[in-house]
Amino acid sequence: MEKWKNKIAVITGASSGIGLAILKDLAINGITVIGLARNVETIEYFKNDLGEIKEKIFTRACDVSNVDSLKESFDWIEKEFSCIHILINNAGILHNLSILDSSDEVTEKINSVISTNFTGAVHCARKAIALMKNSNDYGLVVNINSIAGHNVYSGLNISNVYSPTKFALTAFSEILRQELITNGNDKIRVSNLSPGVVKTEIMVRGKIYPSKDTYNDVAHIFAEDISHGVLYLLSTPWNVNVSQITIKPLGER
Ligand code: NDP
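Everything in the sequence shown is counted per my numbering, starting at 5 for the first residue and increasing by one.
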């Protein structure tokens, strides 16, 4: 971990759940963190309870599903910091919908899941790697995926578009890792981190559970458990690329 001290990380979806937990842990470990989200007020509010480490945390409003917003944010990062070393591609959404529903409302929801979970992650990785190259230092891209990016859970209305976006992200992680090698880059590593069920707001926003307190019928872990996975990725020696990591609650199949 020590070797990442004073390096610079960008975290997408840093205003809640897993992203917020990673933001805190990286800042505690001496990393300068730029948190991106549509609602950055939540991060600013959260920062106020963090004492001295709040000075390590910066925020910028960004909608990763919108290429103009994404470009504006990364241009700002380049202007303010010139380079970065870590990207945590974490922003993600799901919706409770049926793909057999042909309504315009569902068309819009499907498009928003794809443009947030997949194309948003692809464009963030492209922008972030360009800024990593500015530093000529070591770099790490962590794509926060899901067990739904490896297995299909049919009959679940949350899974039917969400899962294909996460499968695509699994493929993209490996393509990106190999493409960097093909282009002679031996400094930037790519990891695909796939959590099982984590007790966050995602299922509440997706209208699966009315609140986080009603998650009790499923085995779950917490955002901090996923953040510990990221700390593990940062703790490995420079010559190691952990390309796949799955973190499940004990008891989840
Ligand atoms: P939360 O709903 O708690 O957090 C999601 C974050 O994504 C928020 O900070 C939200 O911020 C941000 N976000 C959503 N849409 C956009 C957008 N268009 N642009 C920028 N930011 C956006 O969910 P989790 O913490 O659970 O989810 C984080 C990641 O973990 C996701 O990729 C999810 O798929 C993955 N995951 C979660 C699991 C779980 O059980 N919780 C299991 C497996 C994977 P804002 O609304 O402010 O923009």
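Note that the Cβ used here is the ideal one computed from N, Cα and C, for glycine as well.
Problem - 3 or more residues per run - each beta strand (DSSP E) lying fully within the region 191 to 219 - result: 192 to 199
Problem - Classification of T63 by the beta-carbon crowding that lies within 10 angstroms, buried from 16 upward - result: buried
Problem - alpha helix (DSSP H) segments (min. 4 residues) lying fully within the region 116 to 172 - result: 124 to 139
Problem - 8 Å Cβ shell around L74 - same chain, five flanking residues per side excluded - result: C66, D67, V68, G124, H127, C128, K131
Practice task
Check whether the Cβ atoms of F78 and L30 lie closer than 9 Å to each other.
Solution key: no
Practice task
Between the Cα of G39 and those of N140, I230, I225, G17, spot the shortest distance and give me the residue it belongs to.
Solution key: G17
Handout entry: A25, enclosing alpha helix (DSSP H) - first and last residue
Key = 21 to 32
Exercise for the section: State the Cα-Cα distance for the pair P199 and S102, rounded to the nearest angstrom. Expected result: 23 Å
Handout entry: As assigned by DSSP and simplified to three states, the class of A65
Key = Looking at A65 - three-state DSSP - the assignment turns out to be strand.
Exercise for the section: Taking V71 as part of the alpha helix (DSSP H), name the residues at either end of that continuous run. Expected result: 71 to 85
Exercise for the section: List the DSSP bridge partners of I90. Expected result: A13, L144
Exercise for the section: State the Cα-Cα distance for the pair I251 and L197, rounded to the nearest angstrom. Expected result: 8 Å
Practice task
Specify, as a first and last residue, the run of the alpha helix (DSSP H) that T227 falls within.
Solution key: The question names Thr, but residue 227 in the sequence shown is Ala. From DSSP, the alpha helix (DSSP H) with A227 extends over 227 to 239.
Handout entry: Near ligand 1: D72 beta-carbon under 8 Å from a heavy atom
Key = Annotation for D72 indicates a beta carbon at 8 Å or more from all heavy atoms of ligand 1.
Exercise for the section: Please confirm whether any heavy atom of ligand 1 lies closer than 8 Å to the CB of G232. Expected result: The sequence given here has His at residue 232, not Gly. Checking every heavy atom of ligand 1 against the Cβ of H232, none is found closer than 8 Å.
Exercise for the section: Note down, in chain order, each residue of its chain lying with its Cβ closer than 7 Å to the Cβ of V117, except the 5 sequence neighbours on either side. Expected result: I97, L98, H99, V165, Y166, T169
Problem - Limits of the unbroken alpha helix (DSSP H) element including I251 - result: For I251, no alpha helix (DSSP H) encloses it; the enclosing beta strand (DSSP E) starts and ends at 248 to 251.
Problem - Straight-line Cα distance separating T204 from K211 - result: 13 Å
Practice task
Confirm, please, whether the CB-CB distance from V234 to E256 is below 9 Å.
Solution key: no
Practice task
Take F50 and list the residues in its own chain whose beta-carbon comes closer than 7 Å to its own, dropping the five residues that flank it on each side.
Solution key: L24
Problem - Beta-carbon contacts of A152 that lie in its chain and below 7 Å, excluding the five residues immediately before and after - result: S163, Y166, S167, K170
Exercise for the section: Starting from A41, follow its DSSP beta bridges and name the residues at the other end. Expected result: A65
Problem - CA-to-CA distance, D105 to I22, given in whole angstroms - result: 31 Å
Practice task
Verify the contact flag: T3, CB atom, against every heavy atom of ligand 1, threshold strictly below 8 Å.
Solution key: For residue 3 there is no data in the structure shown, the boundaries of the chain being 5 and 257.
Exercise for the section: Just mark T120 as buried or exposed, buried being the case when its beta carbon has 16 or more other beta carbons within 10 Å. Expected result: buried
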